[in-house]
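The block underneath contains the structure these notes are about, expressed in structure tokens.
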Amino acid sequence: MAINQKIYDNRKILRLISVLMMFLGVIIAYFCYDSEPWETIGGFLCGAGFAFLIIFVSLKEPKNHS
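Following our numbering, the numbering of the sequence shown begins with 43 at its first residue and continues without gaps.
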């Protein structure tokens, strides 16, 4: 099974992980406001989670060439 088929089969779990990354980033940024390294880490997690969510929402079913 190709990697793109595995990603497509597990897309709901990957969407959930993306939303959790965004939520964790917001929580870290909120509670660690004005402490520079943690604000950056929270912003990175939020941005990466949002980017992954867009990717996993726009996935199309891979074509099988069997």
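We put the CB at the ideal spot given by N, CA and C, even for glycine.
Distance check between residue 67 and each of 105, 96, 102, 90 places 90 closest, using alpha-carbon atoms only.
Here DSSP, grouped into helix, strand and coil, assigns residue 101 to coil. By the 16-neighbour rule on beta-carbons within 10 angstroms, residue 77 is exposed. Distances from the alpha-carbon of residue 83 to those of 50, 64, 45, 54 put 64 closest.
Closest option to residue 99, judged by alpha-carbon separation, among 45, 44, 61: 61.
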